[in-house]
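Taken in order, the sequence shown gives residues 0 to 307; the numbers are from numbering that gives the first Met the number 0. All C-beta atoms in this analysis are idealised placements derived from N, C-alpha and C, irrespective of residue type, glycine included. Data block below; observations after.
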Amino acid sequence: MRIAIIGAGAMGSLFGSMLSSVSTVYLIDPFEAHIQAINKNGLIVEKTDGPSETYHLFAFTDPDKVEPGVDLAIIFTKSCQTEEAAKTAKLLLGQKGLALTLQNGLGNLEVIEKVLGKDRAVAGVTSHGGTLIGPGHTRHAGQGPTYIANSPENAQSLNRIVETFRAGGIDVSLSENLDSLIWGKLLINVGINALAAILRVPNGILGITPECEKIMGNAVSEAAAVVKALGIQLPYKNPLEQVRKVCANTAENRASMLQDILKRAGTEVSVINRAIAEKGKALGIPTPYNIFLSEIIEALEATSEKRI
Ligand code: NAD
C-alpha cells in the first residue's frame, strides 16, 4: 500500500513511523526544518514503552514530488488547514484511493468531502497521542484504540486499510456509528483541551483538582446536552467519568491546544468549544462555559505576541 500522510507533525509523524514497516509512506508537510531533518537524519520517535527509534521515511515539503496514485491519504493537519490538505490529497490519490481524517473536532470530514466527493472520504478517531519535540523528533505520548467509520461502498479499501494498520501495530476497528465516534472524542476534547491550554497544566492535573473538575464538568455537561438534543448516542455512559479516565490515562500529556498556545500557533477551539457553543445556540441550549472557554482561548491567540 502507498500512503501519503498530509500533515506530518506530532500525529502524522507517529502514524507514518508505525505504518512505514508495512507500506510505502510519504510524509508531506510545509515545515521545512522538520522535513529536512527527517531526510538527513531520519525521524526519531520516543516510544511510550521503550527506547527511541529512528525511521527512514520519504519526506517532502512539495507534494508535487510524490508520484501520484497513492492508495490512502491520511489527513493530520490542524482543522484550519484541512481544505488545503484535502486539495493535496486530491492531487495524489489514485482512482480508488481514499482520504482518511483522524483529526479532532467537528466538520473536517465535510470539508474533505467538498473537495474530494462523499465517496472518497472517511473519518475516524484515535486515542494515540503525540507531541512534536522539534524538527525530525516526535514523542509517542499515549496509546489507545483507533476507530474508522465503516462505509459499505468502500468496504474493500477499508478492509485493506484495517489490515495494513493492524500489521503496523495500530489497534484499529471499523465502527458503524460515525457520529458516536466523532462526538465521543469531541466531548473529551471539550473537557480537557481549552482548560489545559489556559492553565498550562498536563492532562492529569485537571482530573485531580476539584477547582478544575468543576469547570470541566460544566463544559462537558453543556456538550452532553447538545449531544442529547441531536439524538446522538455516545460510546460511553457517563461523559465526565470518561473525561476523568482520559485525564488519568494521559496524565503526563500536554493537550494539543496547550502545545499550540505554547508555540503561539492558532488552536482548534473553533471546531471544539466554539462548535459546541454554536450548536447550542442553534438548539436553544445554553453553553456559557464553552462560550467563555472559547473567548479566553481566542483572546490568548490574539495576544500571543504580547505575552509577558
Ligand atoms: P501538529 O501541529 O503537530 O501537526 C500538524 C502539521 O500539519 C504541522 O507540522 C504543519 O506544518 C502541517 N501542515 C500545515 N498545513 C499543511 C498543509 N497544507 N499540508 C500539509 N501539512 C500541513 O498537530 P498534531 O498534534 O499532529 O494534530 C493533528 C490533528 O490530529 C489535529 O486535528 C489534532 O486535534 C488531532 N489529534 C492530535 C492528537 C495529539 O496527541 N497530538 C491526538 C489525536 C488527534
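Residue j beta carbon less than 8 Å from that of residue i
| i | j | result |
| --- | --- | --- |
| residue 239 | residue 226 | no |
| residue 69 | residue 92 | yes |
| residue 173 | residue 157 | yes |
| residue 129 | residue 9 | yes |
| residue 42 | residue 137 | yes |
| residue 7 | residue 135 | no |
| residue 90 | residue 67 | yes |
| residue 275 | residue 289 | yes |
| residue 283 | residue 235 | no |
| residue 2 | residue 111 | no |
| residue 126 | residue 102 | no |
| residue 76 | residue 31 | no |
| residue 121 | residue 97 | yes |
| residue 160 | residue 88 | no |
Residue i versus residue j: straight-line alpha-carbon distance, rounded
| i | j | result |
| --- | --- | --- |
| residue 241 | residue 176 | 19 Å |
| residue 152 | residue 117 | 11 Å |
| residue 28 | residue 83 | 11 Å |
| residue 192 | residue 246 | 11 Å |
| residue 49 | residue 12 | 18 Å |
| residue 280 | residue 286 | 8 Å |
| residue 114 | residue 86 | 6 Å |
| residue 221 | residue 198 | 21 Å |
| residue 34 | residue 224 | 43 Å |
| residue 44 | residue 132 | 10 Å |
| residue 231 | residue 54 | 40 Å |
| residue 47 | residue 17 | 13 Å |
| residue 62 | residue 258 | 26 Å |
| residue 187 | residue 217 | 13 Å |
| residue 95 | residue 119 | 8 Å |
| residue 20 | residue 229 | 42 Å |
| residue 154 | residue 140 | 31 Å |
| residue 209 | residue 302 | 29 Å |
| residue 165 | residue 71 | 15 Å |
| residue 40 | residue 65 | 20 Å |
| residue 294 | residue 278 | 16 Å |
| residue 185 | residue 214 | 16 Å |
| residue 233 | residue 189 | 14 Å |
| residue 305 | residue 149 | 46 Å |
| residue 248 | residue 212 | 16 Å |
| residue 254 | residue 200 | 9 Å |
Spatial neighbours of residue i in its chain, beta-carbon cut-off 6 Å, leaving aside the 5 residues before and after
| i | result |
| --- | --- |
| residue 57 | 25 |
| residue 299 | 260 |
| residue 22 | 0, 2, 163 |
Cβ-based neighbour list, residue i, same chain, cut-off 8 Å, excluding 5 preceding and 5 following
| i | result |
| --- | --- |
| residue 296 | 193, 196, 197, 256, 260, 266, 268, 272 |
| residue 308 | The structure shown does not extend to residue 308, since the chain spans only 0 to 307, so no value can be given for it. |
| residue 80 | 6 |
Beta-carbon contacts of residue i that lie in its chain and below 7 Å, excluding the five residues immediately before and after
| i | result |
| --- | --- |
| residue 108 | 100, 120, 122 |
Does the segment 168-179 come close enough to the segment 138-149 to have 3 or more Cβ pairs within less than 8 Å? yes
Contact between the segment 200-215 and the segment 266-286: three or more CB pairs below 8 Å? no
Residue ranges of each alpha helix (DSSP H) run of no fewer than 4 residues wholly in the segment 8-68, ordered along the chain? 9-18, 31-40
Runs of alpha helix (DSSP H) wholly within the segment 117-205 (minimum 4 residues, chain order): 154-166, 177-198
Relative to the ligand FMN, what is the chain-ordered list of residues with a Cβ closer than 5 Å to any of its non-hydrogen atoms? This structure does not include the ligand FMN; its bound ligands are the ligand NAD.
Completely contained beta strand (DSSP E) runs for the segment 248-292, where each covers 3 or more residues: none
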